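In the numbering used here, the protein residues as written are 78 to 340.
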């Protein structure tokens, strides 16, 4: 995961350069640490660059959901009127629909007519689609946290002292909600990476020759019998990336779960 951040400065081969002279090299052959895929492309280089693109999709899409969903959840939890109830009902309806179905539908809509040039790059389309799908989950969690914290003594004291809704929301409630939001956001990044991989299996990811971990898994299915490592290596990278993000989420929750009043 860390090497993918510095992919542009690492002394590795171009991940998109094909070579018909060295197709399907096993790890260690031809001077390539992790071998080559069916098009002769360096697997190590493609894994690093593919992980970078997958992480970009994960972080950016969750950032979209974190910002929009967090604000909607705060307002829905604090203002207990018909607007809050309407938003809560909308969150529940959207969460009842399988997330992958929503992602595939949004990707299809955003890509538009396949006979025409895409108005948006494939990575941007994925970020928007996964980001929009993540909004209801983050909003619902934020709403539940806001409902709990809005009745705490220090919030009631702030109201009694004449503090406005903006101050209460962003100075009293939000700092106490952020640890839970941050923990879920880190889990969401891992889920977004898996979602990109699932979308790639349906042809709804980035266009070749650009690599993501999901695209590499999809491309490796055809070489399953002759070279299973082509498919299993990106699966292993996804597994350890998601596990690392889960551990990081636990650290963030335990370290920053400080519940104090700003008064």
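Note that CB positions come from ideal geometry on N, CA and C, so glycine has one too. Fair warning: this is a prediction, and the values are worked out from it, not measured in the lab.
- With contacts defined as CB atoms closer than 9 Å, residue 172 and residue 214 qualify as a contacting pair.
- Here residue 255 is not near residue 322, since their CB atoms are 9 Å or more apart.
- For the pair residue 115 and residue 289, the CB atoms are not nearer than the 9 Å cut-off.
- Under the three-state reduction of DSSP output, residue 113 falls in the strand class.
- Sixteen is the threshold: since fewer than 16 other Cβ atoms of the shown chains lie within 10 Å of the Cβ of residue 234, the residue is exposed.
- In this structure, the beta-carbon distance from residue 271 to residue 249 does not fall below 9 Å.
- In the structure shown, the three-state DSSP call for residue 300 is helix.
- Contact annotation: residue 117 and residue 97 have beta-carbon atoms nearer than 9 Å.
- Counting only runs of 4 or more residues that sit fully inside the segment 203–264, the alpha helix (DSSP H) segments are 230–237, in chain order.
- Secondary structure at residue 98: coil, using DSSP grouped into helix, strand and coil.
- Residue range 120–155 is occupied by the alpha helix (DSSP H) that includes residue 123.
- If you check the CB distance, residue 178 and residue 202 do not come in under 9 Å.
- Nearest to residue 304 by C-alpha distance, out of 102, 92 and 95, is 102.
- Annotation: residue 312 to residue 124 spans about 10 Å, alpha carbon to alpha carbon.
- Around the Cβ of residue 163, a 10 Å sphere holds fewer than 16 other Cβ atoms; the residue is exposed.
- By the criterion of a C-beta distance shorter than 7 Å, residue 95 is surrounded in its chain by 116, 117 and 118, once the five residues flanking it on both sides are discounted.
- By the Cβ neighbour-count rule, residue 175 is exposed, with fewer than 16 other Cβ atoms within 10 Å of its own.
- The beta carbons of residue 212 and residue 180 sit no closer together than 9 Å.
- DSSP places residue 280 outside both helix and strand once states are collapsed to three, so it counts as coil.
- DSSP, reduced to helix, strand and coil, places residue 311 within a helical segment of the structure shown.
- The C-beta of residue 147 has 16 or more other C-beta atoms within 10 Å across all chains shown, which makes the residue buried.
- Measuring C-alpha to C-alpha distances from residue 261 to each of 329, 277 and 90 identifies 329 as the nearest.
- Residue 174 carries a coil assignment under DSSP once its states are collapsed to helix, strand and coil.
- In the three-state DSSP reduction, residue 106 falls in the helix class (H, G or I).
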